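For reference, the structure is listed below as structure tokens.
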Amino acid sequence: MTLNKKEYIRKGKCIWCLKSKPEVEFYTKPHTIPKKLNSHNIGFDICDSCNSFFGSDNKLDKVTYSVDKVLKEFFNVHKFLLNNKKDSNSWKKFKSQFFNYYHTSKTLKLKIDYRRNATYINQLTRKFKRGIYNIFLQEYHRNTENGLDNKFDKIREFVRYDIGELPLYYLKNSNGVKMTEDLDLSHGLPFNGYLIEILDKYGFYHLSMIGLNFYLEATEKAKLNLDYLIKDSNHLIGTGFVFKELIELKKLNEIDFTLRNWD
Ligand SMILES: [Zn+2]
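Residue numbers for the sequence shown follow the numbering used here, so the first one is 45 and each next one is one higher.
Dropping the structure here:
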């Protein structure tokens, strides 16, 4: 018998596997964004087995790292790049499974073994995309409590069961990445009235994280509203000073990791 053990439950059903008690339990604190990224947001309706699934490596996969780990690694190296306390010795302290850091060009590059291995980079990119959609739905549910809506079934299949495919659109920076004011994700993803309205109307969610900008196909409506995506991104691109173009991310190394001075 469990006495007074806190349960992280609100709607009573897991937003990932759609199972309820007693089939699954809800005792593990679900961080909606990996806590290594300095986020302390705690969600609910994420069962213990789904929670552990996202954080567990899988030796049978080509990319053995968990969805959480791929995402953490990626954003942490990005944060390293943006950290202005770097000097010519920083690379010695820099440790990454996937990236090398070149201080003279202020660039992070995916290690050549990965860049050359098409299968590996495809799987790595897929895990990264699943990680992005993972935090989207968890944060959406934390804010709105509507994450169980069946309009998100595609996300559930893709993220939890690795089935199907969802596109991730990336807004390419014109001139490398910009020093950003806010390296923390402590506030989580925004879900204000405007963003919810866009999501309901067009199916897209614009996710901006540590200076990187993505569009997610949050619901199937998005497929019919590519013109909205083009219009919105063109508006942000404008004269091309900050952003260059919108691409559908197919390979993780399409994300530019060169730091430039923007003043
Ligand atoms: Zn679950």
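A virtual CB, placed ideally from N, CA and C, is assigned to each residue, including glycine.
Computed from a predicted structure; not experimentally measured.
At least three beta-carbon pairs within less than 8 Å, the segment 172 to 184 to the segment 245 to 258: yes
First through last residue of the beta strand (DSSP E) which encompasses F248: Sequence index remark: in the sequence shown, residue 248 carries index 204 (1-based). F248 -> beta strand (DSSP E) spans 248 to 253.
Separation of F248 from L260, as counted between CA atoms: If you number the sequence shown from 1, residue 260 lands on position 216. If you number the sequence shown from 1, residue 248 lands on position 204. If you take the alpha carbons of L260 and F248, they lie about 6 Å apart.
Burial state of A162 (16 or more Cβ within 10 Å): Here residue 162 refers to the residue found at position 118 of the sequence shown. So A162 counts as exposed.
Neighbourhood of V121 by C-beta, 7 Å cutoff - its chain only, sequence neighbours within 5 removed: Here the question's residue 121 lines up with position 77 in the sequence shown. These residues qualify, in order along the chain: S140, F143, L152.
Limits of the alpha helix (DSSP H) - the one that I53 falls within: Sequence index remark: in the sequence shown, residue 53 carries index 9 (1-based). Where I53 is concerned, there is no enclosing alpha helix (DSSP H), given that its DSSP letter is neither H nor E.
Proximity winner among L296, C58, V107, T188, relative to G237 (alpha-carbon distances): Along the sequence shown, one-based indexing puts residue 237 at 193. Of the candidates L296, C58, V107, T188, the one whose C-alpha sits nearest the C-alpha of G237 is T188.
contact_flag[the segment 61 to 78, the segment 130 to 138] where n(CB pairs < 8 Å) is 3 or more: no
For Y146, the first and last residue of its enclosing beta strand (DSSP E): Counting from one through the sequence shown, the residue named residue 146 turns up at place 102. Taken as a continuous stretch (DSSP letters only), the beta strand (DSSP E) holding Y146 covers 143 to 146.
Cβ contact (3+ pairs, closer than 8 Å) linking the segment 187 to 203 and the segment 256 to 275: yes
N26 classed as buried or exposed, judged by whether at least 16 other C-beta atoms fall within 10 angstroms: No answer is possible for residue 26: the residues shown for the chain start at 45 and end at 307.
Closer than 8 Å: V68 CB and nearest ligand 1 heavy atom: Residue numbering aside, residue 68 sits at position 24 when the sequence shown is read from its first letter. Yes, the Cβ of V68 comes within 8 Å of a heavy atom of ligand 1.
Heavy atom of ligand 1 within 8 Å of K288 beta-carbon: The residue you call residue 288 lines up with position 244 of the sequence shown. No - ligand 1 has no heavy atom lying nearer than 8 Å to the Cβ of K288.
In chain order, each alpha helix (DSSP H) run of at least 4 residues that lies wholly inside the segment 85 to 146: 92 to 99, 111 to 126, 134 to 137
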